[in-house]
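Participant: Quick one: this structure, given as structure tokens, is what I'll be asking you about.
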Amino acid sequence: MPELPEVETIVRGLHVEIAGRILRDVWVRRRDLRLPIPREFPERVIGRRILAVQRRAKYLLFRLDDPLRADGTLILAHLGMTGRFAVQTPPFPELGAHDHVVFLTDDGRRTTFSDPRRFGLLSLGYSDRLAEHPLLKDLGPEPLDASWTGEQLLGKVAARRSPLKALLLNQSVVAGLGNIYVSEALFRARLSPLRLGCSLKLVEARRLVRAVRDVLQDAIAAGGSTLRDYVQADGSIGGFQTHFSVYEQQDQSCSHRGCPGVIRRIVQAGRSTYFCPACQR
DNA sequence: CATCACACCTGAGTGC
DNA sequence: TGCACTCAGGTGTGAT
1 MPELPEVETI VRGLHVEIAG RILRDVWVRR RDLRLPIPRE FPERVIGRRI
51 LAVQRRAKYL LFRLDDPLRA DGTLILAHLG MTGRFAVQTP PFPELGAHDH
101 VVFLTDDGRR TTFSDPRRFG LLSLGYSDRL AEHPLLKDLG PEPLDASWTG
151 EQLLGKVAAR RSPLKALLLN QSVVAGLGNI YVSEALFRAR LSPLRLGCSL
201 KLVEARRLVR AVRDVLQDAI AAGGSTLRDY VQADGSIGGF QTHFSVYEQQ
251 DQSCSHRGCP GVIRRIVQAG RSTYFCPACQ R
């Protein structure tokens with residue numbers, strides 16, 4: 001489900017709600033997510049204070065204080081397709097079959113991690129060794145960082161014979177994009193998802209970088225996109241799904257000024273791609 | 001490498 | 001109502 005804008009929205013909401021709180025108890029009701037939750041998870045986090053909630057790619061990072069380390073422990077979470085975090089205030093609703101982990105905080109509230117499909121994960125790491133973490137070490141640059149440039153992108157894809165769609169989905173090329181925002185960014189950059197990496201010119205790579213950044217920023221400003229499962233930390237839905245230019249817009253006319261094209265849906269590597277064959281070249 | 005099929009798992013929607 | 005089937009914001013593996 002959640003791509004960078006959805007994760008960023010949830011992270012910001014969680015930071016406001018639970019940063020500064022102490023974890024009084026943690027219930028792991030089901031361990032077998034995409035990766036098993038470590039057995040020592042509760043003992044490692046109970047009693048710790050949440051210092052901050054941050055994001056790297058599509059991972060949520062909960063930084064915890066830790067009297068045993070100069071720079072502490074952290075919880076890594078990935079939402080997969082259907083994962084969600086919800087901060088709840090008493091009286092608490094009954095827990096459901098998909099509420100796999102419950103965090104009780106010292107303010108009397110609780111935060112639940114739910115994930116019907118169990119493609120998500122919860123793991124542990126150390127703040128001072130983030131870059132070496134097995135789940136993070138191969139991730140590419142953050143697209144919203146100023147250090148990610150057209151030159152940087154071109155350096156990664158110039159020798160590749162994969163289509164741009166696949167390259168942008170590849171988290172080691174650039175981190176955080178998923179199926180929605182790849183289609184949307186390629187549309188804004190007027191580049192065909194079928195173009196191969198090795199065909200990209202510098203001006204096009206720069207255009208693509210700008211388009212990726214613009215669409216991600218617009219989506220974050222709208223609180224992300226809700227198709228089916230995604231909700232913000234407070235349970236409200238996102239707003240960007242009404243701004244899609246191409247995603248799930250097949251047979252609609254192209255929204256680029258003066259373009260006579262019609263949006264098409266194709267399948268690349270088993271996943272839907274939406275684009276305008278007329279203006280995306 | 002690159003591409004594809006397939007796997008993980010559940011729920012929603014559709015057509016008969 | 002039931003059943004079969006398709007599809008879904010992700011990621012990883014193994015075959016070719």
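Take my numbering: the final residue in the first sequence is number 281, and no numbers are missing along the way.
We treat Cβ as the ideally placed atom computed from N, Cα and C, and that holds for glycine.
Would you call the region 84-100 in contact with the region 43-51, where contact means no fewer than 3 C-beta pairs closer than 8 Å?
Facilitator: no
Participant: I think VAL174 touches LEU153, with their Cβ atoms under 8 Å apart; what is that distance to the nearest whole Å?
Facilitator: Position 174 of the first sequence, counted from the start, is the residue given in the question as residue 174. Position 153 of the first sequence, counted from the start, is the residue given in the question as residue 153. Indeed, because the Cβ distance is near 7 Å, the residues count as touching under 8 Å.
Participant: Short check: CB of GLU204 to CB of LEU194, under 9 Å?
Facilitator: Locating residue 204 in the first sequence gives position 204, where the first residue counts as 1. Locating residue 194 in the first sequence gives position 194, where the first residue counts as 1. Going by C-beta atoms, GLU204 is not nearer than 9 Å to LEU194.
Participant: For ALA19, which residues from the same chain have a beta carbon less than 8 Å from its beta carbon, with the 5 sequence-adjacent residues on both sides left out?
Facilitator: The residue you call residue 19 lines up with position 19 of the first sequence. Only ILE50, LEU51, ALA52, VAL53 meet the Cβ criterion.
Participant: Taking the alpha-carbon positions, what's the GLU216 to ALA269 distance?
Facilitator: The residue given as residue 216 occupies position 216 in the first sequence. The residue given as residue 269 occupies position 269 in the first sequence. The residue asked about is misnamed: residue 216 is Leu in this sequence, not Glu. Rounded to the nearest angstrom, the two C-alpha atoms are 23 Å apart.
Participant: Do you know how far the Cα of ARG188 is from the Cα of ASP218?
Facilitator: Numbered from its first residue, the first sequence carries residue 218 at position 218. Numbered from its first residue, the first sequence carries residue 188 at position 188. In a straight line, the C-alpha of ASP218 is about 12 Å away from that of ARG188.
Participant: Helix, strand or coil for SER123? Go by DSSP, reduced to three states.
Facilitator: The residue labelled residue 123 in the question sits at position 123 within the first sequence. Reduced to three states, the DSSP call for SER123 is strand.
Participant: Nearest by alpha-carbon distance to ARG129: which of THR73, LEU208, ASP66 is it?
Facilitator: The count along the first sequence starts at 1 and reaches residue 129 at position 129. Out of THR73, LEU208, ASP66, THR73 has the C-alpha closest to the C-alpha of ARG129.
Participant: Could you check the C-alpha separation between ARG69 and ARG48 for me, to the nearest Å?
Facilitator: As a working note, residue 69 is residue 69 in the first sequence. As a working note, residue 48 is residue 48 in the first sequence. Distance between the alpha carbons of ARG69 and ARG48: 12 Å.
Participant: Rounded to whole angstroms, what is the Cα-Cα separation between ALA131 and GLY178?
Facilitator: As a first step, residue 131 is located in the first sequence; it is residue number 131 there, counting from the start. As a first step, residue 178 is located in the first sequence; it is residue number 178 there, counting from the start. CA-to-CA, the gap between ALA131 and GLY178 works out to about 22 Å.
Participant: Could you spell out the range, first to last residue, of the beta strand (DSSP E) harbouring ILE50?
Facilitator: Taking the first residue of the first sequence as position 1, residue 50 is located at position 50. Its beta strand (DSSP E) spans residues 50-56.
Participant: Apart from the five residues on each side of it in sequence, which residues of its chain come closer than 6 Å, Cβ to Cβ, to PRO5?
Facilitator: Stepping through the first sequence from its first residue, residue 5 is reached at position 5. Taken in chain order, the residues that qualify are LEU216, ALA219, ILE220, GLY224.
Participant: Taking just the CA atoms, how far does VAL102 sit from GLU94?
Facilitator: Residue numbering aside, residue 94 sits at position 94 when the first sequence is read from its first letter. Residue numbering aside, residue 102 sits at position 102 when the first sequence is read from its first letter. When rounded, the distance between both Cα atoms is 12 Å.
Participant: Counting C-beta neighbours from all protein chains within 10 Å, is the total for CYS198 16 or more, i.e. buried, or is it exposed?
Facilitator: Start at 1 with the first residue of the first sequence, and residue 198 comes out as number 198. CYS198 is exposed by the Cβ-count criterion.
Participant: According to DSSP, ARG264 sits in a beta bridge with which residue or residues?
Facilitator: Against the first sequence, residue 264 aligns to sequence position 264. Paired residues: PHE275.
Participant: Would you say GLU142 and ALA57 are within 9 Å of each other, going by their C-beta atoms?
Facilitator: As a working note, residue 142 is residue 142 in the first sequence. As a working note, residue 57 is residue 57 in the first sequence. A contact, by the Cβ cut-off of 9 Å.
Participant: So for TYR59, helix, strand or coil by DSSP?
Facilitator: Counting from one through the first sequence, the residue named residue 59 turns up at place 59. TYR59: strand per DSSP, three-state reduction.
Participant: Pick from LEU139, ARG109, LEU144, ILE75: whose alpha carbon is nearest that of GLN171?
Facilitator: Taking the first residue of the first sequence as position 1, residue 171 is located at position 171. If we check each option's Cα against that of GLN171, LEU139 comes out closest.
Participant: If you reduce the DSSP assignment to three classes, tell me which class GLN241 lands in.
Facilitator: Start at 1 with the first residue of the first sequence, and residue 241 comes out as number 241. Under the three-state reduction of DSSP, GLN241 is assigned to helix.
Participant: In the structure shown, what three-state DSSP assignment does ALA221 receive?
Facilitator: Taking the first residue of the first sequence as position 1, residue 221 is located at position 221. ALA221 falls in the helix class under three-state DSSP.
Participant: Quick check on the DSSP output: what are the complete alpha helix (DSSP H) runs of length 4 or more inside the region 108-169, in order along the chain?
Facilitator: 150-157, 164-169
Participant: Answer with buried or exposed for PHE240, where buried requires no fewer than 16 other C-beta atoms within 10 angstroms of its C-beta.
Facilitator: Here the question's residue 240 lines up with position 240 in the first sequence. Its Cβ being crowded by 16 or more others within 10 Å, PHE240 is buried.
Participant: Give the single residue among VAL231, VAL267, TYR247, VAL157 whose Cα lies nearest to the Cα of VAL7.
Facilitator: Here residue 7 is taken as the residue at index 7 of the first sequence, counted from 1. Of the candidates VAL231, VAL267, TYR247, VAL157, the one whose C-alpha sits nearest the C-alpha of VAL7 is VAL231.
Participant: Quick check: the Cα distance between GLY235 and THR112, rounded to an integer number of angstroms?
Facilitator: For the purposes of this step, residue 235 is taken as the residue at position 235 of the first sequence. For the purposes of this step, residue 112 is taken as the residue at position 112 of the first sequence. Distance between the alpha carbons of GLY235 and THR112: 12 Å.
Participant: Taking only the alpha-carbon atoms, compute the straight-line gap between PRO67 and HIS15 and give it to the nearest angstrom.
Facilitator: Here residue 67 corresponds to residue number 67 of the first sequence, with the count starting at 1. Here residue 15 corresponds to residue number 15 of the first sequence, with the count starting at 1. Per the coordinates, the alpha-carbon of PRO67 lies some 21 Å from the alpha-carbon of HIS15.
Participant: Taking the runs of the alpha helix (DSSP H) that are 4 residues or longer, which of them lie wholly in the region 174-207?
Facilitator: Counting whole runs of 4 or more residues, the region 174-207 contains the alpha helix (DSSP H) stretches 179-188.
Participant: Going by beta carbon distance, what residues of the same chain come within less than 7 Å of CYS259, once the five residues before and after it are set aside?
Facilitator: Indexing the first sequence from 1 puts residue 259 at position 259. So the qualifying residues of the chain are CYS276, ALA278, CYS279.
Participant: What is the DSSP secondary structure of PRO5, counted as helix, strand or coil?
Facilitator: As a first step, residue 5 is located in the first sequence; it is residue number 5 there, counting from the start. Residue state, collapsed to three classes: helix.
Participant: Quick one, which of ILE237, ARG34, THR149 has its alpha-carbon nearest ALA211's?
Facilitator: Along the first sequence, read from residue 1 onward, the residue named residue 211 stands at position 211. Closest by alpha carbon: THR149.
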